[in-house]
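Novice:
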Amino acid sequence: MITLVILALVGLFLMIAGLFDISRKAVFGVAMTGMVAALAGNLYMWDKVPMAYFNRMILIDNYDVAFITAVLGVSMFLFLLSENYFGKIQNYLTEHYALYMFSLVGMIAMISFNNLVMLFIGIEILSVSLYILAGSEKNNLSSNEASLKYFLMGAFATGILLMGITLIYGASGSFYLSGIEQYFTSGNELSPIAYIGMFLVLVGMSFKVSVAPFHFWTPDVYDGSPTFVTAFMSTVVKIAGFAAFFKLFYICFSSVIHYWVEVVSVLVILTVTIGAMTAITQKSVKRLLAYSSVSHAGYMLMVVLVGADADNLMFYVVAYSISSIVAFSVLMLVQEAAGNAEITSFEGLAKVNPLLGFAMTVSMLSLAGIPLTAGFMAKVYILTSVFNAGHGIVVLVAILTAMVGIYYYFKVIIAIYFKTATEERKLFTYNSSSLFKIVLFIGIIAIIVLGICPDIIHNLI
Amino acid sequence: MMTLIVLFLPFVAALLLSLVKGESVKKIALGFALAELVLALMVLNQYMIDPKALSFTCFWITSLGAHLNIDVSGISMLLVLLTAVLIPLIILSTFKHDYKNPAAFYALILAMSGALIGVFVANDLLLFYVFWEAALIPIYFIAALWGGENRIKVTFKFFLYTVIGSLFMLIGVMYLYLQTNVPHPITFEPHHSFDFDHLVALNLSFQEQCWLFWAFFIAFAIKMPIFPFHTWQPDTYTEAPAAGTMLLSGIMLKMGIFGVLHWLMPIMNEGFYANAKIVITLAIIGVVYASILAIMQKDMKRLIAYSSIAHVGLIAAGLFAVNEQSLQGAVIQMFAHGVNVVGLFFIIDIIESRTGTRDIASLGGIINKAPKLGVLFVIIMLGAVALPLTNGFPGEFLLLNGIFQYNAVLAAVAGLTIILGAVYMLKMYQNVMLGEVNALTEKFTDLTMTEFAVLVPIAAIVIITGIYPQYFLDLTQGDVDHLLKLVNTNIVTIK
Amino acid sequence: MDKMFYFLAFLAILSALMVVLVKNPIHSILYLLVTFTSITGHYILFNAQFLAAVNFIVYMGAIMVLFLFVIMFLNLNGETEPQKSTLVKFAGVISGGLLLLVMVASFKKAVTIPLNTEVDTQIGLIKNLGMVLFKDYALPFELASVLFLVAMIGAVMLAKKDWK
Chain Z
292 MITLVILALV GLFLMIAGLF DISRKAVFGV AMTGMVAALA GNLYMWDKVP
342 MAYFNRMILI DNYDVAFITA VLGVSMFLFL LSENYFGKIQ NYLTEHYALY
392 MFSLVGMIAM ISFNNLVMLF IGIEILSVSL YILAGSEKNN LSSNEASLKY
442 FLMGAFATGI LLMGITLIYG ASGSFYLSGI EQYFTSGNEL SPIAYIGMFL
492 VLVGMSFKVS VAPFHFWTPD VYDGSPTFVT AFMSTVVKIA GFAAFFKLFY
542 ICFSSVIHYW VEVVSVLVIL TVTIGAMTAI TQKSVKRLLA YSSVSHAGYM
592 LMVVLVGADA DNLMFYVVAY SISSIVAFSV LMLVQEAAGN AEITSFEGLA
642 KVNPLLGFAM TVSMLSLAGI PLTAGFMAKV YILTSVFNAG HGIVVLVAIL
692 TAMVGIYYYF KVIIAIYFKT ATEERKLFTY NSSSLFKIVL FIGIIAIIVL
742 GICPDIIHNL I
Chain E
2 MMTLIVLFLP FVAALLLSLV KGESVKKIAL GFALAELVLA LMVLNQYMID
52 PKALSFTCFW ITSLGAHLNI DVSGISMLLV LLTAVLIPLI ILSTFKHDYK
102 NPAAFYALIL AMSGALIGVF VANDLLLFYV FWEAALIPIY FIAALWGGEN
152 RIKVTFKFFL YTVIGSLFML IGVMYLYLQT NVPHPITFEP HHSFDFDHLV
202 ALNLSFQEQC WLFWAFFIAF AIKMPIFPFH TWQPDTYTEA PAAGTMLLSG
252 IMLKMGIFGV LHWLMPIMNE GFYANAKIVI TLAIIGVVYA SILAIMQKDM
302 KRLIAYSSIA HVGLIAAGLF AVNEQSLQGA VIQMFAHGVN VVGLFFIIDI
352 IESRTGTRDI ASLGGIINKA PKLGVLFVII MLGAVALPLT NGFPGEFLLL
402 NGIFQYNAVL AAVAGLTIIL GAVYMLKMYQ NVMLGEVNAL TEKFTDLTMT
452 EFAVLVPIAA IVIITGIYPQ YFLDLTQGDV DHLLKLVNTN IVTIK
Chain A
68 MDKMFYFLAF LAILSALMVV LVKNPIHSIL YLLVTFTSIT GHYILFNAQF
118 LAAVNFIVYM GAIMVLFLFV IMFLNLNGET EPQKSTLVKF AGVISGGLLL
168 LVMVASFKKA VTIPLNTEVD TQIGLIKNLG MVLFKDYALP FELASVLFLV
218 AMIGAVMLAK KDWK
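Chains as they are written, first to last, in the working numbering: chain Z, 292 to 752; chain E, 2 to 496; chain A, 68 to 231.
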């Protein structure tokens, strides 16, 4: 709870600070300090008795603390790698930071909700902040298009989500998770409104986390937004989205699992397949990462399918986020140097800047699921638990699409190491400060260490 | 404890090597490789005294029940020894080349050797799988960064092909894992485990065994390779640098054979026995097919690549015939083939670096210019042909004997391999070494000290193990007997 | 009272249909205004005073006026708008119809939940609404302020001209 307050206050403070002429470093420092303080306030709640606040609107237990830590940690990691991006913003710098702070507020409300109204408000705050951030590159037509598309489709999906929440309230008589759970486990004949409401909520949430076939906004929005915003959207937002998704379905709807397990397994198969198939033909690394994030969303949805292993979800989102952020931060530098985000811009990167080439390679290997990286362990955990629950076909499809995935992830690695750069590209300088290099190196080490010893993060929940 | 050091020394060495700059990289790499050899010999010594002392277990991933469980049995001891002997020779053989970025090159070779040893000593299925895949990454980079012209596509095909096989194996691994149900060592709750002993003790139904067999076998068949999964092999062997090809053919393909012996046979014994006929047929088709293709090859490296498929096909057939002779033959032939093929590829490397070509037709008369090379070449070549008194003979003889006990017709067809092998090997030797000296081979200098230092031990091993193979047979006897017992006790119902 | 309900419902549906059927966009908005007026009337029938007042002031007074302004600025006409192909129109009708079918079927089968307490007919009054909003739902209410702040930031950020 205190996390929520700190982040909102930091956001407000930053906005007011924008009135004065403050240096970029100071703004960055204030934002980071605020996030560290919020993280500390959050960790304080670890292993305490679950407390409910504000008339049981939010309920903080270990699950929430873990996921909020993941969200804040990953955001801090991303911010530390982002000075290029923030260095180029001329207008409204503090408003940018404030929007990120407010989106984090929305995410925390989404993760720690105990009442569907809180879930809704959290999703809305998060989404509106992201609509604005996606369109923040005002001179870029694709950024405007991304923002508009995201806004229209997002508003539509929010409408469906709200209808679902209303129908569930109509059936169960309560907005609280415990009340809904009681209604679903009561053993009486459930009203059909409840089932429809459940499916509408499923549709609305699936949109937010870009699960097929509700993912059609993802490639255009991810491609059009500034690369930093894409990195933020595809990692941090997914952590929060799936944390909320899992919590909602696990607490409320697990007693009627036979109703939605087939639907969700079809969604998983579709997501994983579509994500892999469409990524094969991509020439732009940014779009490739966007489609691959769709297929990773499929893997995260598998945990909802099984319904019992929040550990695996946590490990997967953390492993995926770290790998993805490393990839995006290298992409940001390459994009700035080469002017575009195509695979051809990566050619010969290993000779020009070995650290960036190595970082991108490790991150691609992790996203593909090659052993000794965090991505492999994450896939093993999830696939084993899905297999255990008896969904053999889902496992088979996941493995087949993993094979396809290796193909397109390796296209980038091949370009980095085995193609030679053109003469003009050899002269690019990749401006990276020592802070960037250190944090990137820590990211690489984290991916490899988590691949060898995943228990560091895994057994927490 | 010692096994732990043998396992992790190459990785540490690789890390340290990647930081070294300058010319001394080669010598440091050789130093580490020799240290590894010494350690491996110490492990061998310990194994003769007390095998139990070599096993080591500690917790790795408690949430999955995977342990860092390493152990050395007879067959794996042989293969660890093979790796430890071959790696210094391989490193020594690269000395005459001046590869760019040598620190990375040698670090990758050492890292790969560590992963290979890991595959051989892992007693925990997840650990085995991780090392299996991890061995692929260094060889991919070695072949793709320092290889021939067509390397990018070819190595990517190799990588993708192998990983597809491994992913099928992953399904099998997960399924086996979920079938186990043993008490946790600390909390005593029932949980799943990847441990070898627990997996062997599983009681799987016949259906399960059959599909699990195929899931695992696809991965092993692609690695060995066995017809028809061999299409990646000739191109990759040809395009990879000499050291890469030596690593691939000398040690990496033994991973596939070892997988069959150590994991496939004990755990899926019924499925093993039921599917043996198909596999042996495929393997023997591969033997004859590859031998015929080898005769037609013009490029020396490709010829040896095809001959490697032929040899491995015979070994695989022997594995699936499941009797004492064939298994022992397979084990000995593994060691012999590893040594021989490394020697042969090195000689091809020498010839190529001197004359600039590997084309058999355009060479000739080298023996007049380089008699030492000629003598050593003929020794190693005859080892590959399986002449008696060379190391190829005991293995081949036992294998054919064992397959004959299984099915006489198949053995007769397999016996063609001896004839065909002699054809292409002798033809190659004759065209390259004997005959008239021509413009290309005019300036051929004889072996340098380092080259001599590599080939003499190989030739020595060829002759010594040919004359006295009993040492190796004794080393692996216990393991082979154990395997036979495991397979035979459970197939009483089928027979 | 029943007559009032039927009249307002009829008005709502009729004007909603006219919204999508008329060609002139300004007429469309005016019909939308009529729709919202009838909805406001429905709210009053529920005794939801606050909701009716807010609907009237905010929705009809502010948002609809904004719609009018934007349409007048953009000068939209039926002729300049690209029309969707007939196939897409068909698909739209079918999927919309399916959704309608599902919702109607479910609502028909819906059973009213017997409530434990008496329905408080005064629940829509502003005083009672305020009590619930500021006591039970205080946190979402305050967080909604964050949402509005974000929207305001966005409006300024995106629409205002850059000065650097």
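We put the beta carbon where it would ideally sit given N, CA and C, even for glycine.
Anything in chain Z within Cβ reach of residue 211 of chain A, meaning under 8 Å, just list it in chain order.
Specialist: The residue you call residue 211 of chain A lines up with position 144 of the third sequence. Ordered by position in chain Z, the residues that pass the 8 Å Cβ test against residue 211 of chain A are 412.
Novice: Please name the residue in Z:302, Z:604, Z:545 whose C-alpha comes closest to that of residue 818 of chain Z.
Specialist: The question about residue 818 of chain Z has no answer here: the residues shown for chain Z are numbered 292 through 752.
Novice: Residue 176 of chain A touches chain Z at which residues, Cβ-Cβ below 9 Å?
Specialist: One-based indexing of the third sequence puts residue 176 of chain A at position 109. Within chain Z, the residues near residue 176 of chain A are 482, 483, 484.
Novice: On a CA-only basis, which of E:238, E:195, E:258 is nearest residue 224 of chain E? Give me that one, please.
Specialist: Locating residue 224 of chain E in the second sequence gives position 223, counting from the first residue. If we check each option's Cα against that of residue 224 of chain E, E:258 comes out closest.
Novice: For residue 382 of chain Z, would you say it is in contact with chain A, using Cβ-to-Cβ distances shorter than 7 Å as the test?
Specialist: Residue mapping note: residue 382 of chain Z aligns to position 91 of the first sequence, counting from 1. By this cut-off, residue 382 of chain Z is an interface position.
Novice: Where residue 572 of chain Z and residue 582 of chain Z are concerned, what is the direct C-alpha to C-alpha distance, given to the nearest angstrom?
Specialist: Position 281 of the first sequence, counting from 1, holds the residue named residue 572 of chain Z. Position 291 of the first sequence, counting from 1, holds the residue named residue 582 of chain Z. Answer to the nearest angstrom: the Cα atoms are 11 Å apart.
Novice: At a Cβ cut of 9 Å, what residues of the region 390-422 of chain Z count as close to chain A, listed as they run along the chain?
Specialist: Residues 390, 393, 394, 396, 397, 400, 406, 408, 409, 411, 412, 413, 415, 416, 419, 420, 422.
Novice: Starting from residue 672 of chain Z, follow the alpha helix (DSSP H) in both directions and report where the run begins and ends.
Specialist: On the first sequence, position 381 is the one that residue 672 of chain Z refers to. First-last of the alpha helix (DSSP H) with residue 672 of chain Z: 665-679.
Novice: Find out if the Cβ-Cβ distance for the pair residue 546 of chain Z, residue 476 of chain Z is shorter than 7 Å.
Specialist: Position 255 of the first sequence holds residue 546 of chain Z. Position 185 of the first sequence holds residue 476 of chain Z. It is a contact, given that the beta carbons lie within the stated cut-off.
Novice: For residue 722 of chain Z, name the three-state secondary structure that DSSP assigns.
Specialist: By 1-based counting over the first sequence, the position of residue 722 of chain Z is 431. Coil.
Novice: Using the Cβ count rule (16 or more neighbours within 10 Å means buried), how would you classify residue 494 of chain E?
Specialist: Here residue 494 of chain E refers to the residue found at position 493 of the second sequence. Bear in mind that a pLDDT of 41 at residue 494 of chain E, under 50, signals an unreliable position, so the number given afterwards is only what the model happens to contain. Exposed.
Novice: Return the CA-CA distance between residue 432 of chain Z and residue 710 of chain Z, expressed in angstroms with no decimal places.
Specialist: In the first sequence, counting from the first residue as 1, residue 432 of chain Z sits at position 141. In the first sequence, counting from the first residue as 1, residue 710 of chain Z sits at position 419. When rounded, the distance between both Cα atoms is 32 Å.
Novice: Is residue 218 of chain A near the ligand ATP, judged by its Cβ being under 6 Å from some heavy atom?
Specialist: The ligand ATP is absent from the structure shown, which contains no ligands of any kind.
Novice: Kindly list, in the order they appear in chain E, the residues whose Cβ is closer than 9 Å to that of residue 568 of chain Z.
Specialist: Counted from its first residue, the first sequence places residue 568 of chain Z at position 277. Under the 9 Å cutoff, chain E gives no residues; its nearest Cβ is about 16 Å from residue 568 of chain Z.
Novice: Between residue 234 of chain A and chain Z, is there a C-beta pair that is closer than 7 Å?
Specialist: Nothing in the structure corresponds to residue 234 of chain A, since chain A is present only between 68 and 231.
Novice: What does DSSP give as the partner residues of residue 68 of chain E in its beta bridges?
Specialist: The sequence position of residue 68 of chain E within the second sequence is 67, counting from 1. Bridge partners of residue 68 of chain E: E:60.
Novice: Where do the N-terminal and C-terminal ends of the alpha helix (DSSP H) with residue 204 of chain A fall, by residue?
Specialist: Position 137 of the third sequence, counted from the start, is the residue given in the question as residue 204 of chain A. It is not in any alpha helix (DSSP H) - residue 204 of chain A carries neither H nor E in the DSSP assignment.
Novice: Buried or exposed: residue 71 of chain A, going by 16 or more other Cβ atoms within 10 Å of its Cβ?
Specialist: Working through the third sequence from its first residue, we reach residue 71 of chain A at position 4. It is exposed - the Cβ of residue 71 of chain A has fewer than 16 other Cβ atoms within 10 Å.
Novice: Do the region 511-524 of chain Z and the region 613-630 of chain Z touch if we need at least three Cβ pairs shorter than 8 Å?
Specialist: They touch, by the three-pair rule.
Novice: Kindly list the residues whose CB is nearer than 6 Å to the CB of residue 337 of chain E, restricted to its own chain and excluding five residues on each side of it in sequence; keep chain order.
Specialist: Start at 1 with the first residue of the second sequence, and residue 337 of chain E comes out as number 336. Closer than 6 Å at the Cβ level, and outside the excluded window around residue 337 of chain E, lie 392, 393, 396.
Novice: Applying the criterion that 16 or more other CB atoms from any shown protein chain within 10 Å of the CB defines a buried residue, is residue 227 of chain A buried or exposed?
Specialist: To locate residue 227 of chain A, count along the third sequence from 1; it is residue 160. With fewer than 16 other Cβ atoms within 10 Å, it is exposed.
Novice: Report yes or no: do three or more beta-carbon pairs, one from the region 478-486 of chain Z and one from the region 419-437 of chain Z, lie closer than 8 Å?
Specialist: Cβ pair count under 8 Å is below three, so no.
Novice: If you measure from the beta carbon of residue 134 of chain E to each beta carbon in chain Z, is any gap under 7 Å?
Specialist: Locating residue 134 of chain E in the second sequence gives position 133, where the first residue counts as 1. Cβ-Cβ to chain Z under 7 Å: yes for residue 134 of chain E.
Novice: Report the partner residues of residue 170 of chain E according to the DSSP bridge assignment.
Specialist: Along the second sequence, one-based indexing puts residue 170 of chain E at 169. Answer by DSSP bridge pairing: none, since residue 170 of chain E is not bridged.
Novice: Output, in sequence order along the chain, the residues in the region 671-690 of chain Z whose CB is closer than 8 Å to any CB in chain E.
Specialist: Listed by position, the residues of the region 671-690 of chain Z near chain E (Cβ gap below 8 Å) are 671, 672, 674, 675, 678, 679, 686, 687, 690.
Novice: Looking at the C-beta of residue 217 of chain A, does it have a partner C-beta in chain Z at a distance below 7 Å?
Specialist: Walking along the third sequence from the start, residue 217 of chain A turns up at place 150. Yes, its Cβ sits closer than 7 Å to a Cβ of chain Z.
Novice: Does the beta-carbon distance from residue 322 of chain E to residue 404 of chain E come in below 7 Å?
Specialist: Mapped onto the second sequence, residue 322 of chain E falls at position 321. Mapped onto the second sequence, residue 404 of chain E falls at position 403. Against a cut-off of 7 Å, the Cβ pair of residue 404 of chain E and residue 322 of chain E comes out as a contact.
Novice: Report the neighbours of residue 169 of chain A on chain Z: residues whose CB is nearer than 8 Å to its CB, in chain order.
Specialist: Counting from one through the third sequence, the residue named residue 169 of chain A turns up at place 102. Per Cβ cutoff of 8 Å: 487.
Novice: Take residue 496 of chain E and list the residues in its own chain whose beta-carbon comes closer than 7 Å to its own, dropping the five residues that flank it on each side.
Specialist: By 1-based counting over the second sequence, the position of residue 496 of chain E is 495. At residue 496 of chain E the pLDDT is 38, less than 50, meaning the model places this residue with poor confidence and gives no usable figure here.
Novice: Just the Cα atoms here: how many angstroms apart are residue 749 of chain Z and residue 634 of chain Z?
Specialist: Residue numbering aside, residue 749 of chain Z sits at position 458 when the first sequence is read from its first letter. Residue numbering aside, residue 634 of chain Z sits at position 343 when the first sequence is read from its first letter. Cα to Cα, residue 749 of chain Z sits roughly 34 Å from residue 634 of chain Z.
Novice: Does the Cβ-Cβ distance between residue 527 of chain Z and residue 365 of chain Z come in under 7 Å?
Specialist: Within the first sequence, numbered from 1, the residue matching residue 527 of chain Z stands at position 236. Within the first sequence, numbered from 1, the residue matching residue 365 of chain Z stands at position 74. Going by C-beta atoms, residue 527 of chain Z is nearer than 7 Å to residue 365 of chain Z.
Novice: In the DSSP assignment, find the beta strand (DSSP E) that holds residue 469 of chain E and state where it starts and stops.
Specialist: Translated into positions along the second sequence, residue 469 of chain E becomes position 468. First-last for residue 469 of chain E: undefined, no H or E at that position.
Novice: Grab me the residues of residue 477 of chain E's own chain with a C-beta within less than 6 Å of its C-beta, minus the 5 sequence neighbours each way, in chain order.
Specialist: Along the second sequence, read from residue 1 onward, the residue named residue 477 of chain E stands at position 476. Same-chain partners within the cutoff: 75, 76, 79, 332.
Novice: Mind listing the chain B neighbours of residue 641 of chain Z? Cutoff is C-beta to C-beta under 7 Å, in chain order.
Specialist: You won't find chain B in this structure, because its protein chains are Z, E and A.
Novice: Quick check on residue 209 of chain A: does DSSP put it in helix, strand or coil?
Specialist: Mapped onto the third sequence, residue 209 of chain A falls at position 142. Residue 209 of chain A falls in the helix class under three-state DSSP.
Novice: Have a look at the DSSP bridge pairing and note the partners of residue 575 of chain Z.
Specialist: Sequence index remark: in the first sequence, residue 575 of chain Z carries index 284 (1-based). Residue 575 of chain Z is bridged to Z:633.
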